[in-house]
Each structure stands twice: as C-alpha cells, then as structure tokens.
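*Asks:* Numbering-wise (this note's numbering), the sequence shown opens with residue 1 and increments by one. Heads up, the beta-carbon is just placed ideally off N, CA and C, and yes, glycines get one too. Since this is a predicted model, take the numbers as computed values, not measurements.
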Amino acid sequence: MQNFSNMITGPNLTVTPATFGANDATMMRASGGPTPGLPDVKAGAAGKYGGDVEILNAALLLEYLEAEYYARVVAAHEARAYLFGRVEYAARTLARDEATHVQTVTEMITKLGGTPITKPQFQFPANAFLSSIAFLQLSVELEENGVGAYLGAAPLVKNKDVLNFAASIYGNEARHTAWVRFLLGDQIAPRDLEHPRTIAEATAAARPYLTP
Numbered sequence: 001m002q003n004f005s006n007m008i009t010g011p012n013l014t015v016t017p018a019t020f021g022a023n024d025a026t027m028m029r030a031s032g033g034p035t036p037g038l039p040d041v042k043a044g045a046a047g048k049y050g051g052d053v054e055i056l057n058a059a060l061l062l063e064y065l066e067a068e069y070y071a072r073v074v075a076a077h078e079a080r081a082y083l084f085g086r087v088e089y090a091a092r093t094l095a096r097d098e099a100t101h102v103q104t105v106t107e108m109i110t111k112l113g114g115t116p117i118t119k120p121q122f123q124f125p126a127n128a129f130l131s132s133i134a135f136l137q138l139s140v141e142l143e144e145n146g147v148g149a150y151l152g153a154a155p156l157v158k159n160k161d162v163l164n165f166a167a168s169i170y171g172n173e174a175r176h177t178a179w180v181r182f183l184l185g186d187q188i189a190p191r192d193l194e195h196p197r198t199i200a201e202a203t204a205a206a207r208p209y210l211t212p
C-alpha cells in the first residue's frame, strides 16, 4: 500500500499523509488528523469509504490541473490564434471533457459525504500558449499522468460505484492520450500495457505546475 505523505503543498492545498487501503483508524493515525488547507476527510466521509474520498481528492487535484491548462490554452488561442484545424478542435474538446471531470469528481466526493479540496493556483510554461507542438507535448505529459494515476489507484478503491466511475474517467483519459499522441505524430500506444502510478508519483508530477 502506498503512503500519501508529503505529496503536494500549494497556496490552497495541502495533501496529508494517509495510508491507502488501511482501515479508517489506521488512516487517520497516519494523517495525524486534519491539516490546514485540506478538508477533514474523517469528519466528512462516511465510514469505511473515507479512503475513497481521499483518493478522489487526489484525482480532483489532477483534474483541476488538466482543466485549468486546457481552459488557458483555449483562451490563449482566442487571443492569438496559434492552433489550427484538428489541434484547435482537440484543445476545445479536451477543455470541455476535463471541466466535466472536475464537476463529476466533485459530485462523487460530495455524494460520499466528503469535502472536495479547494482548487489551487497553477502555472504553466509560456511556450504552451504560443506553440501548438509545445501545447501537445505538455498535454501528453498531463494526460499520461492521469491515466497512470487512475490505474494505480484502482486496487485501493473500496466502493464499487466509485471504482466504476473512476474507470469511466480512466478510459476517457486514455483516449485523450492516444488522440494527442496521434496529433504529435507519435505512437498512439507506445506500450503493450499501461504503467500504473502511485498516488505519490502522480501528485509529485503535478508539483511543478502549482504556483509557489
């Protein structure tokens, strides 16, 4: 089981330690209770599904990141028209999809009795808003991270409805990755099997895009 400790700290977000897959008492001993900036999952989540809420909040961080990135790309394109044809269409579609992911993950957390994390502030390299290639390259990075995170978290989820929900997003993220790779002229499926990422790995990959 992975330790969700010392992962990400941002202006409005602190991800606390929690041992995924452990029982609730063990999880909260590992976390040391509520941490400023992060909702108290123990108080907000229903019984044995508190761990699922924490996993979903980790997913929400990644969805916030992707949604913000694509929203800024679309805004930059509308300001300077640097995307064309299929790339522009992809950017707008990805922006819409990721906004939907943010909404639905937030709703699932609330449905479980948890409290969604606050959206942090993000930063991105300027060239992603000037070059279509740079936009696509960063898109692949973010989408690959999401695919690995959902795959890695799957064995830790207790609630079947949450697992099915997460799998539906996983499938969409995998399609995104293949689409963007195609637009870059890369291999659509560079591996025979997807590589799962731990919560630690996935959230660490998001760290460079959090505003200090």
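How about L112 and Y209: do their beta carbons lie closer than 7 Å?
*Replies:* The answer is no: Cβ separation not under 7 Å.
*Asks:* Between Y150, T118 and G51, which has its C-alpha nearest A167's C-alpha?
*Replies:* Nearest C-alpha to A167: Y150.
*Asks:* From V74 to L130, what distance separates their C-alpha atoms?
*Replies:* Approximately 11 Å between the Cα atoms of the pair.
*Asks:* Can you tell me whether R86 is buried or exposed? The criterion is at least 16 other CB atoms within 10 Å of its CB, across all chains shown.
*Replies:* When all chains shown are included, R86 counts as exposed.
*Asks:* Just mark A91 as buried or exposed, buried being the case when its beta carbon has 16 or more other beta carbons within 10 Å.
*Replies:* Under this definition A91 is a buried residue.
*Asks:* Measuring straight from C-alpha to C-alpha, what distance separates I199 and E54?
*Replies:* Approximately 10 Å between the Cα atoms of the pair.
*Asks:* Go ahead and pull the three-state DSSP assignment for L210.
*Replies:* If DSSP states are grouped into helix, strand and coil, L210 belongs with the strands.
*Asks:* So what's F20 in DSSP terms, helix, strand or just coil?
*Replies:* Low confidence applies here, because F20 scores a pLDDT of 31, under 50, leaving its location unreliable; read the following figure in that light. Reduced to three states, the DSSP call for F20 is coil.
*Asks:* For T35, does the three-state DSSP call read helix, strand or coil?
*Replies:* Residue confidence for T35 is low, a pLDDT of 33 falling below 50, so the modelled location carries little weight; the figure read from the coordinates is stated next. T35 falls in the coil class under three-state DSSP.
*Asks:* Just the Cα atoms here: how many angstroms apart are A99 and P212?
*Replies:* In a straight line, the C-alpha of A99 is about 24 Å away from that of P212.
*Asks:* Would you mind giving the Cβ-Cβ distance between N57 and I133, rounded to the nearest angstrom? I have them listed as a contact below 8 Å.
*Replies:* Not a contact, Cβ separation roughly 33 Å.
*Asks:* On the criterion of 16 or more Cβ atoms from any shown chain inside 10 Å, does G146 qualify as buried, or is it exposed?
*Replies:* Classification of G146: buried, given that the 10 Å Cβ count is 16 or more.
*Asks:* Under the rule that 16 or more other beta-carbon atoms within 10 Å means buried, what is N164, buried or exposed?
*Replies:* N164 is exposed by the Cβ-count criterion.
*Asks:* So G50 and L156 are supposed to be a Cβ contact under 8 Å. How far apart are they, rounded?
*Replies:* Contact doesn't hold; Cβ gap of about 12 Å is too wide.
*Asks:* Roughly how many angstroms separate the alpha carbons of P125 and R72, rounded to a whole number?
*Replies:* Each residue's alpha carbon lies about 11 Å from the other.
*Asks:* By the DSSP assignment, the alpha helix (DSSP H) with K111 in it spans what residues?
*Replies:* It spans G85 to K111 - the alpha helix (DSSP H) in which K111 sits, taken as one unbroken run.
*Asks:* R181: which of L138, G152, D161 and K158 sits nearest, CA to CA?
*Replies:* For the residues L138, G152, D161 and K158, the minimum Cα distance to R181 belongs to L138.
*Asks:* Express the C-alpha separation of K160 and L60 in angstroms, rounding to a whole number.
*Replies:* Approximately 19 Å, taken between the alpha carbons.
*Asks:* Which of the three DSSP states is assigned to M27 in this structure?
*Replies:* Because the pLDDT of M27 is 32, which lies under 50, any placement of that residue in the model is unreliable, and the number read from its coordinates should be weighed accordingly. Looking at M27 - three-state DSSP - the assignment turns out to be helix.
*Asks:* By DSSP, does F124 sit in helix, in strand, or in coil?
*Replies:* Looking at F124 - three-state DSSP - the assignment turns out to be coil, as it is neither helix nor strand.
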